[in-house]
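J.: Positions 0 to 212 (numbering that gives the first Met the number 0) are the ones given, in order, by the sequence shown.
The beta carbon of each residue, even a glycine, is placed where N, CA and C say it ideally should be.
Could you have a look at this structure, given as structure tokens, before my questions?
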Amino acid sequence: MPLIPEEPQIHESAQGPRATPASGRTAPTPRPVPGPRPAAHPRPGRPGPLRPAPPVQRAPRGVAVAKPGTSGPATPVAAAPAAAAPQVQLVPASAEGALDAAEEAVDLLLDSGGAPGEVLVITTGEQHPWAAHELSFGEASYWAQHDAGDDVFYTDAAAISRAGSRPVVVVAVNGGPAAAAVDVLPLAHARAGALLIVCGDPQQINSVLVAGV
């Protein structure tokens, strides 16, 4: 019989501590202060996009990316378009004044510090007086001057295939066959390392350039 009253006392004591821990747990519940951790998530996200952005710009400059070997081919690719895409300048002139316009263009190039050996002048019609004079001494001496590359070299559309490339190519559309510009400009464009200057009728030249020179 005395055991019976003792049992409810044990139950009461068991309930007492249960209530206390429950209240005690309510106090630790504010511990979700780690709730600010979601604020930490944006932090990694922000530096994430910012850091990859600069490496992309440094990739072509840095050698670190060059180590894998991927930048090795990238550097020649970057250099190739620069050499294969010379600037094109159009100097409006009539067929009769194209040669004079070409001479003025050459004078401006030399006055601005350009080297004479970097300039090649091509005519579509009548030869330049210098070319006609030098050819009178024979083609061997004429082309020897071209190979020496010491001075401005003048040639015509018929001999352009033999002329080598130079940083600046000046084309004087001074007559010749109707399709002279169509035939010469693509070849002149291929031989211009940095600049192609075309002196002639703007409509005729633009039609050729738009066609894909």
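From TRP142 to PRO166, what distance separates their C-alpha atoms?
T.: As a working note, residue 142 is residue 143 in the sequence shown. As a working note, residue 166 is residue 167 in the sequence shown. Cα-Cα distance, rounded: 18 Å.
J.: Beta-carbon separation of ALA179 and ILE204 under 8 Å?
T.: As a first step, residue 179 is located in the sequence shown; it is residue number 180 there, counting from the start. As a first step, residue 204 is located in the sequence shown; it is residue number 205 there, counting from the start. Cβ distance not < 8 Å, so ALA179 and ILE204 don't count as in contact.
J.: Would DSSP call ALA156 helix, strand or coil?
T.: Locating residue 156 in the sequence shown gives position 157, counting from the first residue. In this structure, ALA156 counts as helix in the three-state DSSP scheme.
J.: Which word fits ALA177, buried or exposed, when buried means at least 16 other C-beta atoms lie within 10 angstroms of its C-beta?
T.: As a working mapping, residue 177 is identified with position 178 in the sequence shown. That one is exposed.
J.: What is the DSSP secondary structure of PRO91, reduced to helix, strand or coil?
T.: Here residue 91 refers to the residue found at position 92 when the sequence shown is read from its first residue. Strand.
J.: Just the Cα atoms here: how many angstroms apart are ASP150 and LEU119?
T.: Taking the sequence shown and counting its residues from 1, the one referred to as residue 150 is at position 151. Taking the sequence shown and counting its residues from 1, the one referred to as residue 119 is at position 120. Cα to Cα, ASP150 sits roughly 9 Å from LEU119.
J.: Buried or exposed: which applies to GLN126, given that a residue is buried once 16 or more other Cβ atoms fall within 10 Å of its Cβ?
T.: Within the sequence shown, numbered from 1, the residue matching residue 126 stands at position 127. Looking at its Cβ environment, which holds 16 or more other Cβ atoms inside 10 Å, GLN126 is buried.
J.: Alpha carbon to alpha carbon, how far is GLU95 from HIS188? Give it in angstroms, no decimals.
T.: Position 189 of the sequence shown holds residue 188. Position 96 of the sequence shown holds residue 95. Roughly 23 Å between the two C-alpha positions.
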